[in-house]
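Numbering (the numbering used here), first residue to last: 2 to 322. The structure appears right after this line, and notes come after that.
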Ligand SMILES: Cc1cc2nc3c(=O)[nH]c(=O)nc-3n(C[C@H](O)[C@H](O)[C@H](O)COP(=O)(O)OP(=O)(O)OC[C@H]3O[C@@H](n4cnc5c(N)ncnc54)[C@H](O)[C@@H]3O)c2cc1C
């Protein structure tokens, strides 16, 4: 059952920010994640502030310099179906199209996709785990087949978003507004590992909202997103591979390879990128990069399969290039 909470439907960004300052206040965008969290009492909910009327946070627009602005309230379906995204950032259209089900993509927004809470069954369940202020990450000794193989210690959640790894690979910047003003940062720096701060997954401060994501121009960039899941649809990634590459003739001039489903943050595989840059794509270069990407993996008892899955998915992504 949902707990009792105050519900505010803000008419302006300022009204939303004014209402978000207090303890237990949360943003409601599409509501596909926050209401489940409230029902499961994952965190305290005193007030829900809907931002769905803020038209300024919607839409996809291209600037004259070739960059693309995607408002935080843009739905996942709108991103997947946007001709601008499909034409210049096909990996992002693919990632958005791979999120959940058509109904959830119609309702869920980009801001919510980036800020959704982890799906770990101990975190979402009735367990006072380390992330909720307890002493233990129950995944270490417990059921851990869906948990992290990279960057986990001391909490083995995986980041659930499909769009985040692809946006990081494309060099996106995130824009945030709060009572103290606005700020922006590379999306890669937005996400926080558990050993930096166990209680949260990103740098959003209480009372702040994500307003938009900016993508640099994609001239000459090839991008792809490959998601491996247990079921054919409506499932989170066991492993995903976001790849953005710029070729110079037959040589790889730039490469960004980001893994989803394997770490508490979208995991940038920089060793794999180094193994690609300056090389001509070939099966052996791809195999070296795939091996480098998972070289530091520390699987738990039930999730060593993710190491092989990640290697295979990276190999497939690179060979498709
Ligand atoms: C059955 C199911 C399957 C799913 N499968 C997938 C999947 O395969 N891949 C995937 O990536 N996701 C999946 N999701 C997760 C999620 O629901 C969607 O990704 C959706 O995009 C979330 O957007 P929303 O607008 O509904 O978020 P909300 O539920 O409104 O918000 C989610 C969180 O983000 C915060 N938030 C939302 N917008 C902002 C903002 N602008 N600024 C600051 N904070 C904000 C909220 O406070 C809340 O904590 C799934 C969800 C369900 C229920």
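Quick reminder that beta carbons are idealized off the backbone N, C-alpha and C, glycines included.
CA-CA distance, residue i and residue j?
| i | j | result |
| --- | --- | --- |
| residue 157 | residue 65 | 42 Å |
| residue 5 | residue 81 | 35 Å |
| residue 145 | residue 67 | 43 Å |
| residue 152 | residue 250 | 35 Å |
| residue 221 | residue 126 | 45 Å |
| residue 256 | residue 175 | 21 Å |
| residue 165 | residue 2 | 30 Å |
| residue 33 | residue 276 | 39 Å |
| residue 13 | residue 54 | 8 Å |
| residue 183 | residue 110 | 20 Å |
| residue 271 | residue 243 | 13 Å |
| residue 268 | residue 261 | 6 Å |
| residue 305 | residue 218 | 38 Å |
| residue 133 | residue 265 | 15 Å |
| residue 36 | residue 232 | 24 Å |
| residue 128 | residue 16 | 35 Å |
| residue 114 | residue 286 | 33 Å |
Excluding sequence positions up to five away, which residues of its chain have a Cβ less than 8 Å from the Cβ of residue i?
| i | result |
| --- | --- |
| residue 20 | 9, 11, 26, 48, 50 |
| residue 281 | 251, 252, 253 |
| residue 141 | 157, 301 |
| residue 72 | 57, 58, 59, 60, 61, 111, 212, 213 |
| residue 185 | 174, 175, 176, 177, 215 |
With a cut-off of 8 Å on the beta carbons, I'd call residue i and residue j a contact; round off their distance for me.
| i | j | result |
| --- | --- | --- |
| residue 211 | residue 116 | 6 Å |
| residue 246 | residue 322 | 6 Å |
| residue 1 | residue 30 | Absent from the structure is residue 1, since the part of the chain shown begins at 2 and ends at 322. |
| residue 202 | residue 193 | 6 Å |
| residue 316 | residue 288 | 6 Å |
| residue 106 | residue 78 | 4 Å |
Apart from the five residues on each side of it in sequence, which residues of its chain come closer than 7 Å, Cβ to Cβ, to residue i?
| i | result |
| --- | --- |
| residue 310 | 229, 239, 240 |
| residue 180 | 18, 22, 208 |
| residue 138 | 130, 131, 155, 156, 157 |
| residue 38 | 44, 118 |
| residue 120 | 161, 237 |
| residue 284 | 320 |
| residue 302 | 145 |
| residue 87 | 94 |
| residue 307 | 150, 239, 240, 263, 300 |
Beta-carbon within less than 6 Å of residue i's beta-carbon, same chain only, minus the 5 sequence neighbours each way: which residues are those?
| i | result |
| --- | --- |
| residue 163 | 96, 99, 100 |
| residue 190 | none |
| residue 312 | 291, 295 |
Using the rule of at least 16 other Cβ atoms within 10 Å of the residue's Cβ for burial, across every protein chain shown, is residue i buried or exposed?
| i | result |
| --- | --- |
| residue 323 | Residue coverage of the chain in this structure runs from 2 to 322, which leaves residue 323 outside it and unanswerable. |
| residue 196 | exposed |
| residue 213 | buried |
| residue 149 | buried |
| residue 41 | exposed |
| residue 136 | exposed |
| residue 318 | buried |
| residue 56 | exposed |
| residue 279 | exposed |
Looking at ligand 2, does it come within less than 8 Å of residue i, judged from the CB to the closest heavy atom?
| i | result |
| --- | --- |
| residue 33 | Of the ligands this structure carries, namely ligand 1, none is ligand 2. |
*How do the segment 223-237 and the segment 285-296 stand: do at least 3 beta-carbon pairs fall below 8 Å, yes or no?*
No: fewer than three Cβ pairs fall under 8 Å.
*asked:* Taking 8 Å as the cut-off, does the segment 166-181 touch the segment 83-95 (at least 3 CB pairs, one atom from each stretch)?
replied: The segment 83-95 vs the segment 166-181: in contact.
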